[in-house]
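Residue numbers (the numbering used here): -16 to 42.
Have a look at the structure below before the remarks.
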Amino acid sequence: PALKGSLIEPFVRIARGESIEEAELAWNQKMAVCTVLASNGYPGPYDKGKVVEIAPELT
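So this is what it looks like as structure tokens:
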């Protein structure tokens, strides 16, 4: 499930050391997909400081 709304309120509460129990979190039943660009070897030992290049036609 995906979160409806913004994460700003819970993040601000966390940053202030407050509980997020009172934060209004609502979920919808839609799904989401996320793509992660990571260096070779991730999540194990991996090269750091590498530049990730994305072809202009993909942006």
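For glycine and all other residues, C-beta sits at the position ideal for the given N, C-alpha and C.
Proximity below 8 Å, CB of residue i to CB of residue j
| i | j | result |
| --- | --- | --- |
| Trp10 | Lys(-13) | yes |
| Lys13 | Ala38 | no |
| Ile(-3) | Ile3 | yes |
Cβ neighbours of residue i in the same chain (closer than 6 Å, five flanking residues each side left out)
| i | result |
| --- | --- |
| Ser22 | Tyr29, Asp30, Lys33 |
Beta-carbon proximity list for residue i, same chain, < 7 Å, skipping 5 on both sides
| i | result |
| --- | --- |
| Val19 | none |
Residue i versus residue j - alpha carbon distance
| i | j | result |
| --- | --- | --- |
| Thr42 | Glu36 | 11 Å |
Close Cβ partners of residue i (< 8 Å) along its chain, the five nearest in sequence each way excluded
| i | result |
| --- | --- |
| Ala15 | Ala(-15) |
| Gly24 | Asp30 |
### Task
Identify every run of the beta strand (DSSP E) within the segment -13 to 35, keeping only runs that are complete inside it and at least 3 residues long; order them along the chain.
For secondary structure counted as the beta strand (DSSP E) over 3 or more consecutive residues, the segment -13 to 35 holds these complete runs in sequence order: 9 to 11.
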